[in-house]
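Engineer: Below you will find the structure I want to go over with you.
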Amino acid sequence: MQVFSERDPNSNVVTRSQIDSHNFNQETLSQIAESSIVPPDDSYKIITTTELESPEHEELLNQDVCLICFEAYSDSHDNLVELPCAHKFHYKCFIKTGRANGHRNDVERPNMKCCTCQLSLIQYHQYLVDYNLDHKQVEFVNK
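The working numbering puts the sequence shown at residues 6 to 148.
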């Protein structure tokens, strides 16, 4: 797949390079960071413990561990958070990381970024807003 940094208005694909090259209003990003201790709702998905029991998530339970606490997903009874980049963590771990490290108005605080690939969830959210994109319709490519 060829990855472009320019936005194709007819595409539902958003790439990491498009976000990285986008000209963001820094004041807007700071206001978003100040407004909450968690990233905007459209920048992650919750996988509930009930959903984890479905066949769709069987492989996740059998093989993966949280990259924050290193506990197997199958050993806990916690919801997971799945980021647009497809990295997953225990929801509680993801939230605790942000509370322990960083100030509320810090766009760069850990829970506003993916712990694995450093995707900025605030920039991802603002990119969708700037282009009037529905996060449920977007396919994110981390390139």
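No residue lacks a Cβ here, since even glycine has one placed at the ideal position from N, Cα and C.
Just verifying my parser: in three-state terms, what is the DSSP assignment at isoleucine 73?
Structural biologist: Three-state result, isoleucine 73: coil.
Engineer: Spatial neighbours of glutamine 131 within its chain, please: C-beta separation below 7 Å, excluding the five flanking residues on both sides.
Structural biologist: Excluding sequence neighbours, glutamine 131 sits near Phe29, Thr33, Leu34 and Ile37.
Engineer: Below 8 Å on the Cβ atoms is my guess for tyrosine 3 versus isoleucine 24; work out the distance and round it to an integer in Å.
Structural biologist: Because the chain in this structure spans residues 6 to 148, residue 3 falls outside the shown range and cannot be described.
Engineer: Rounding to the nearest angstrom, what Cα-Cα distance links asparagine 67 and arginine 12 in this structure?
Structural biologist: In a straight line, the C-alpha of asparagine 67 is about 38 Å away from that of arginine 12.
Engineer: Comparing alpha-carbon positions, which option in Gln142, Cys98, Val86 and Cys120 lies nearest threonine 54?
Structural biologist: With distances taken between Cα atoms, threonine 54 lies closest to Val86.
Engineer: For serine 59 and aspartate 80, I'd like the C-alpha separation in whole angstroms.
Structural biologist: Those two C-alpha atoms are separated by around 16 Å.
Engineer: Report the three-state DSSP secondary structure of glutamate 144 (helix, strand or coil).
Structural biologist: Looking at glutamate 144 - three-state DSSP - the assignment turns out to be strand.
Engineer: Which of the three DSSP states, helix, strand or coil, is assigned to histidine 62?
Structural biologist: In the structure shown, histidine 62 sits in a helix (DSSP, three-state: H, G or I).
Engineer: Measure the C-alpha to C-alpha separation of aspartate 69 and asparagine 84 and round it to an integer number of angstroms.
Structural biologist: Cα-Cα distance, rounded: 14 Å.
Engineer: From which residue to which residue does the beta strand (DSSP E) around glutamate 87 run?
Structural biologist: Its beta strand (DSSP E) spans residues 85-87.
Engineer: Taking the continuous alpha helix (DSSP H) assigned at histidine 130, which residues delimit it?
Structural biologist: Per DSSP, histidine 130 belongs to the alpha helix (DSSP H) from 126-135.
Engineer: Pull up the DSSP beta-bridge partners for lysine 101, would you.
Structural biologist: DSSP, once it has assigned bridges, lists no residue as partnering lysine 101.
Engineer: Apart from the five residues just before and just after isoleucine 51, which ones in its own chain have a Cβ nearer than 7 Å to its Cβ?
Structural biologist: Result list for isoleucine 51: Asn84, Val86 and Tyr96, in chain order.
Engineer: Going by DSSP, what residues sit across from histidine 95 in a beta bridge?
Structural biologist: Note: histidine 95 sits in a beta bridge opposite Leu85.
Engineer: If I measure Cβ to Cβ from glutamate 144 and keep anything under 8 Å in the same chain, skipping five residues before and after, which residues do I get?
Structural biologist: The answer, listed in chain order, is Asn17, Val18 and Val19.
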